[in-house]
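Below is one structure, written out as structure tokens, with a few remarks after it.
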Amino acid sequence: NAGVMQNPRHLVRRRGQEARLRCSPMKGHSHVYWYRQLPEEGLKFMVYLQKENIIDESGMPKERFSAEFPKEGPSILRIQQVVRGDSAAYFCASSPGNSNQPQHFGDGTRLSIL
Amino acid sequence: QKEVEQDPGPLSVPEGAIVSLNCTYSNSAFQYFMWYRQYSRKGPELLMYTYSSGNKEDGRFTAQVDKSSKYISLFIRDSQPSDSATYLCAMSRLTDSWGKLQFGAGTQVVVTP
């Protein structure tokens with residue numbers, strides 16, 4: 002019974018490069034959420050997606066950040082031209098299509114910017 | 036002011052004691068309440084979830100919601116060293132259902148043998 006799968010677990014980028022984080026939801030789940038956890042801070046909501054649709058991106062920075070959840074394949078969180086402040090743990094969560102179940106989380110991708 | 040307040044701890048208890056955790060919140064629109072456990076370098080693991088007010092019990096865990104006081108609690112009975120972790124409260128608005136969670140900062144719990 003595979004849970005939410007995120008890869009890579011660790012990602013190192015130099016300033017100005019692009020970072021692509023992947024998330025495969027639990028089997029049967031069609032809703033995906035991305036959160037960011039900075040050191041000594043709680044998780045902050047970034048974006049909520051369903052297949053091929055962005056439902057709520059109110060927590061995502063307007064520039065350099067984008068997310069998608071295509072019909073086939075994992076959800077992707079993309080950060081262009083990374084800066085030191087992007088260093089954080091990025092967590093993906095998924096939930097079923099109905100509205101009666103909470104989210105389950107993956108183990109995150111730890112992004113380090115050199 | 037943060038929407039969800041949670042004492043960061045650390046909270047140290049001896050093995051077998053009751054662990055008492057709580058969060059306060061300011062937005063009365065929150066209707067869905069969750070507790071997650073997070074071990075170091077791992078993702079949050081769902082422990083308990085409730086809708087609206089009331090109590091819920093599952094094994095050694097009890098979750099309580101007091102909406103009149105905007106206060107939620109998690110109790111862990113017969114604590115074990117394996118319960119040492121960071122505990123996160125989370126909540127969402129009725130319009131967001133179980134999505135778009137607002138998290139507390141987390142309380143670090145240490146259970147000593």
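So the protein lines, in turn, are chains A and B.
Each residue of the first sequence is one higher than the last, beginning at 2 in the working numbering.
Each residue of the second sequence is one higher than the last, beginning at 36 in the working numbering.
We put the CB at the ideal spot given by N, CA and C, even for glycine.
These numbers come from a predicted model, not from an experiment.
Sequence-distant residues of the same chain with beta carbon closer than 6 Å to residue i, five excluded per side
i, result
"residue 8(A)", "23"
"residue 82(A)", "17 and 65"
"residue 69(B)", "84 and 125"
"residue 45(B)", "143 and 145"
"residue 145(A)", "This structure cannot speak to residue 145(A), because chain A is shown only from 2 to 115."
"residue 111(A)", "11 and 90"
"residue 42(B)", "142"
Same chain only: Cβ atoms within 7 Å of residue i, ignoring 5 sequence neighbours per side
i, result
"residue 133(B)", "67 and 127"
"residue 29(A)", "97"
"residue 99(B)", "90, 107 and 108"
"residue 51(B)", "113 and 114"
Between the CA atoms of residue j and residue i - distance to the nearest angstrom
i, j, result
"residue 49(B)", "residue 85(B)", "28 Å"
"residue 54(A)", "residue 15(A)", "30 Å"
"residue 78(A)", "residue 85(A)", "17 Å"
"residue 109(B)", "residue 95(A)", "23 Å"
"residue 80(B)", "residue 121(B)", "10 Å"
"residue 40(B)", "residue 137(B)", "10 Å"
"residue 139(B)", "residue 103(B)", "19 Å"
"residue 56(B)", "residue 27(A)", "29 Å"
"residue 105(B)", "residue 59(B)", "6 Å"
"residue 78(B)", "residue 141(B)", "13 Å"
"residue 39(A)", "residue 95(B)", "31 Å"
"residue 113(A)", "residue 19(A)", "12 Å"
"residue 34(A)", "residue 135(B)", "8 Å"
Contact set for residue i: own chain, Cβ-Cβ below 8 Å, skip 5 residues either direction
i, result
"residue 1(A)", "The question about residue 1(A) has no answer here: the residues shown for chain A are numbered 2 through 115."
"residue 130(B)", "64"
"residue 116(B)", "50, 146, 147 and 148"
Residue i: contacting residues in chain B (beta-carbon distance under 9 Å)
i, result
"residue 1(A)", "No answer is possible for residue 1(A): it lies beyond the span of chain A, which begins at 2 and ends at 115."
Residues that residue i contacts on chain A, provided the C-beta gap is smaller than 7 Å
i, result
"residue 138(B)", "43 and 44"
"residue 69(B)", "103"
"residue 141(B)", "43"
Under 8 Å from the C-beta of residue i: neighbouring residues of chain B
i, result
"residue 105(A)", "81"
"residue 102(A)", "133"
"residue 34(A)", "134, 135 and 136"
Below-8 Å beta-carbon distance, residue i vs any chain D residue
i, result
"residue 133(B)", "In the structure shown, chain D does not exist; the protein chains are A and B."
Chain B residues whose Cβ lies nearer than 7 Å to that of residue i
i, result
"residue 109(A)", "78"
Neighbour list for residue i in chain A, Cβ cutoff strictly below 9 Å
i, result
"residue 84(B)", "102 and 103"
Under 8 Å by beta carbon: chain A residues contacting residue i
i, result
"residue 123(B)", "43 and 44"
Practice problem: Run through the stretch 46–105 of chain B for me and flag every whole beta strand (DSSP E) of 3 or more residues, listed as ranges in chain order. | Solution: Along the stretch 46–105 of chain B, the beta strand (DSSP E) occurs as fully enclosed runs of 3 or more residues at 46–49, 54–60, 65–73, 80–86, 89–93 and 96–101, listed in sequence order.
Self-check item: Length at least 3, wholly inside the stretch 21–91 of chain A: the beta strand (DSSP E) runs in chain order
Solution: Within the stretch 21–91 of chain A, the complete beta strand (DSSP E) segments at least 3 residues long are 30–38, 44–51, 54–57, 66–69 and 76–80, listed from N- to C-terminus.
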